[in-house]
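Down below is the structure, laid out as structure tokens.
Protein chains: 2
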Amino acid sequence: MTQQRIRGVLSPVVTPFNRDLSPDPQRFIAHCRWLLTQNCGLAVFGTNSEANSLSVNERIALLDALLAADIDPARMMPGTGCCALTDAVRLTEHAVKAGCAGVLMLPPFYYKDVSEDGLFRSFAEVVERVGDSRLRIYLYHIPPVAVVGITVKLVERLLKAYPSAIAGMKDSSGDWSNTESFLKAFGKSGFDVFPGSESFLLAAMRNGGAGCISATANVNPAAIDRLYREWQKADADMQQEALNVVRKTVGQYVMIPALKQVIAYYSDDAAWTAVRPPLTELNAMQVHNIIEGLKKLDFDMPGLNRTQAKAA
Amino acid sequence: MTQQRIRGVLSPVVTPFNRDLSPDPQRFIAHCRWLLTQNCGLAVFGTNSEANSLSVNERIALLDALLAADIDPARMMPGTGCCALTDAVRLTEHAVKAGCAGVLMLPPFYYKDVSEDGLFRSFAEVVERVGDSRLRIYLYHIPPVAVVGITVKLVERLLKAYPSAIAGMKDSSGDWSNTESFLKAFGKSGFDVFPGSESFLLAAMRNGGAGCISATANVNPAAIDRLYREWQKADADMQQEALNVVRKTVGQYVMIPALKQVIAYYSDDAAWTAVRPPLTELNAMQVHNIIEGLKKLDFDMPGLNRTQAKAA
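Chains as they are written, first to last, in the working numbering: chain A, 2 to 313; chain B, 2 to 313.
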């Protein structure tokens, strides 16, 4: 892993599927390439990537496809947290050996009401078993989905035990006061806090945040990256407001199928719409409402087109 | 799979681990053999088996170890539901080819608030992809853990589409009125409802239930099986009460490590106590309280001993 920590805007890259619902590495590579041209890092295999709907072997094959396509691992933060310790170790080890900037790690999320000791031990086992000084873990707090969450006390214990491996977190609680409490507790210790939505990007940057890792960065990366770079400028609040309107428009129904519909529309490539169950595609009326809403905002995805997807 | 449906008492068999937390097939085989001597079926890879803390390969290797030890697949209902469609298909296919009586299938449990359509499609894809007339699926409803649950309407749709493959359910809601609503809706259609605790065994049998699949059957199988066979006898309510007292004693702390402590104690084999994170072992005081409580009830696990575990 690189010496310089990964910061800025990252996208939990949506995963394209073939008609038989197998992952489609060519469209995946094309989308990752486009995101990099927008200065957007690659948090592949996140919640919005339907990563937990993929087997471990499918995730490894997709990461290998990106590497084979010469996509820079220093711009990647793959998700590697699983319910099974052995799966989390295998994915994390693979990412570290590939030279990824870091890994975004869910806690094991099947059992609920587990103890802080149990969660500490879960992450500790991964660090010890991977046993590589290049490992940089970003803890993934997303209680609306995983239910099992990351607490300030857990981070304190992990940082004390593994100050080099525990590099930061993504906070997808959707609760700014929670993000703020982590920024206050660890902001000065070099622990990087990324809110899980660009809605909190400006607030995070004003309080020592590291950027954001956001679903909407799949479709609106340039504007989000602009606020990341220009948060001290006079129009920062207006930029934030513009980001919020796009997010609200895309996210008015279920986010993952919506992102795929937006990519399908702007790349003129209907294959992008497929999702794996238990998710379902949006209906025609929902798609219409999203696209009409985006048109009213003069939204565009410059550089994303059918030719690029096909050429990958 | 056999023509005759599996019924009666099944145990979500606890999974023993070696010191390095790898699964221990020898102790697993020994415990399965003992359960069969108690007339208890093998719902291997359930919640109490820490199955979601195991990789797919680890589960396949353990099932293969049971088969290699000549343990009858007609007495098995392995858990095969996973977040990833491809994992669920692989495990289900393996179980069907092995001749297992059925599979106990969690819904994909990472995404929350998914639609009935999405869940229907999840199970439908497994049925279609496995494409084997021997497949018997038992839907697994355990909202306290998986959060994502099984509804009456979902069962109706699945039964209509796949009347042979959809064989029944396990209801671990802990809510008798929920179990009752499934018994009323489907009891006469040959859809077998198993409550997820022996606390509801008598009530279930009086309302057309198929038996029970219960954690405590790992340690108290004979008494639970006796009530299953004798539910129409005069002392059935007393039997039920006696089962409840044992369950309350074992389950006064966290159930999985407690079951392992009880097995360790009665087999005089401390290796049984290991759990995978995020679970943690009970402390000495908790173990003491459970064992003392069981002794007061004259509880025993006849036939389970160190020699048997070693000899397996």
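Glycine is no exception: its CB is placed at the ideal position from the N, C-alpha and C atoms.
All figures in this text were calculated on a predicted structure; none of them were measured in a lab.
Interface flag, residue i vs chain A, CB-CB below 8 Å
{"i": "P196 of chain B", "result": "no"}
{"i": "A110 of chain B", "result": "Here residue 110 of chain B is Phe; the residue named in the question, Ala, does not match the sequence. So yes, F110 of chain B belongs to the interface."}
{"i": "A85 of chain B", "result": "yes"}
{"i": "V57 of chain B", "result": "yes"}
{"i": "R277 of chain B", "result": "yes"}
{"i": "A88 of chain B", "result": "Correcting the residue identity first, residue 88 of chain B is Asp in this sequence and not Ala. With 8 Å as the cut-off, D88 of chain B counts as an interface residue toward chain A."}
{"i": "S123 of chain B", "result": "yes"}
{"i": "L36 of chain B", "result": "no"}
{"i": "L64 of chain B", "result": "no"}
{"i": "N53 of chain B", "result": "yes"}
{"i": "V148 of chain B", "result": "yes"}
{"i": "L22 of chain B", "result": "yes"}
Inter-residue Cα distance where the pair is residue i and residue j
{"i": "Y111 of chain A", "j": "D299 of chain A", "result": "42 Å"}
{"i": "Y254 of chain A", "j": "K113 of chain B", "result": "14 Å"}
{"i": "S198 of chain A", "j": "T93 of chain B", "result": "37 Å"}
{"i": "K249 of chain B", "j": "R91 of chain A", "result": "38 Å"}
{"i": "Q309 of chain A", "j": "Q27 of chain A", "result": "Low confidence applies to Q309 of chain A: its pLDDT is 48, below 50, so where it sits in the model is not reliable enough to give any reading."}
{"i": "P219 of chain B", "j": "S12 of chain B", "result": "According to the sequence shown, residue 219 of chain B is Asn rather than Pro. In a straight line, the C-alpha of N219 of chain B is about 6 Å away from that of S12 of chain B."}
{"i": "K185 of chain B", "j": "R207 of chain B", "result": "12 Å"}
{"i": "D193 of chain B", "j": "T180 of chain B", "result": "11 Å"}
{"i": "E242 of chain B", "j": "K261 of chain A", "result": "55 Å"}
{"i": "V131 of chain B", "j": "L63 of chain B", "result": "21 Å"}
{"i": "I214 of chain A", "j": "L55 of chain B", "result": "29 Å"}
{"i": "V247 of chain B", "j": "P109 of chain A", "result": "30 Å"}
{"i": "R6 of chain B", "j": "N284 of chain A", "result": "40 Å"}
{"i": "C101 of chain A", "j": "F201 of chain B", "result": "51 Å"}
{"i": "D21 of chain B", "j": "P278 of chain B", "result": "12 Å"}
{"i": "S134 of chain A", "j": "E126 of chain A", "result": "15 Å"}
{"i": "G212 of chain B", "j": "W232 of chain B", "result": "10 Å"}
{"i": "I151 of chain B", "j": "A69 of chain B", "result": "34 Å"}
{"i": "T274 of chain A", "j": "T281 of chain A", "result": "10 Å"}
{"i": "F195 of chain B", "j": "A205 of chain B", "result": "8 Å"}
{"i": "F121 of chain B", "j": "A85 of chain B", "result": "15 Å"}
{"i": "Y266 of chain A", "j": "G252 of chain A", "result": "16 Å"}
{"i": "C41 of chain A", "j": "L244 of chain B", "result": "59 Å"}
{"i": "T16 of chain B", "j": "D73 of chain B", "result": "18 Å"}
{"i": "E129 of chain A", "j": "Q39 of chain B", "result": "41 Å"}
{"i": "I257 of chain B", "j": "S268 of chain B", "result": "17 Å"}
Assigned exposure category for residue i - 16 Cβ within 10 Å defines buried
{"i": "D270 of chain B", "result": "buried"}
{"i": "T217 of chain A", "result": "buried"}
{"i": "V14 of chain B", "result": "buried"}
{"i": "K98 of chain A", "result": "exposed"}
{"i": "N19 of chain B", "result": "exposed"}
{"i": "D236 of chain B", "result": "exposed"}
{"i": "S190 of chain A", "result": "exposed"}
{"i": "V57 of chain A", "result": "buried"}
{"i": "S116 of chain B", "result": "exposed"}
{"i": "H95 of chain B", "result": "buried"}
{"i": "R230 of chain A", "result": "exposed"}
{"i": "P222 of chain A", "result": "buried"}
{"i": "H289 of chain B", "result": "exposed"}
{"i": "M286 of chain A", "result": "exposed"}
{"i": "P164 of chain B", "result": "exposed"}
{"i": "D226 of chain A", "result": "buried"}
{"i": "D65 of chain A", "result": "exposed"}
{"i": "V331 of chain B", "result": "An answer regarding residue 331 of chain B cannot be provided, because it is not within the stretch 2 to 313 covered by chain B."}
CB contact below 8 Å: residue i versus chain B
{"i": "V315 of chain A", "result": "Here chain A has residues from 2 to 313 only, and residue 315 of chain A is not among them."}
{"i": "S215 of chain A", "result": "no"}
{"i": "C41 of chain A", "result": "no"}
{"i": "K113 of chain A", "result": "yes"}
{"i": "D118 of chain A", "result": "yes"}
{"i": "E126 of chain A", "result": "yes"}
{"i": "L92 of chain A", "result": "no"}
{"i": "D269 of chain A", "result": "no"}
{"i": "T281 of chain A", "result": "yes"}
{"i": "P145 of chain A", "result": "yes"}
Which runs of the alpha helix (DSSP H) fall wholly inside the stretch 47-106 of chain B and span at least 4 residues, in chain order?
57-69, 86-99
Are the stretch 41-51 of chain A and the stretch 62-81 of chain A touching by the rule of at least three beta carbon pairs closer than 8 Å?
As far as the Cβ criterion goes, the stretch 41-51 of chain A touches the stretch 62-81 of chain A, which means the pair count is three or higher.
Would you say the stretch 172-185 of chain B touches the stretch 136-150 of chain B, given that touching needs at least three Cβ pairs under 8 Å?
yes
So within the stretch 174-249 of chain A, which uninterrupted beta strand (DSSP E) runs reach at least 3 residues, ignoring any that extend past its ends?
Secondary structure within the stretch 174-249 of chain A: the beta strand (DSSP E) runs of 3 or more consecutive residues, fully enclosed, are 193-196, 212-214 (chain order).
Can you list, in chain order, the stretches of the beta strand (DSSP E) that have 3 or more residues and sit fully within the stretch 145-178 of chain A?
167-172, all fully within the stretch 145-178 of chain A.
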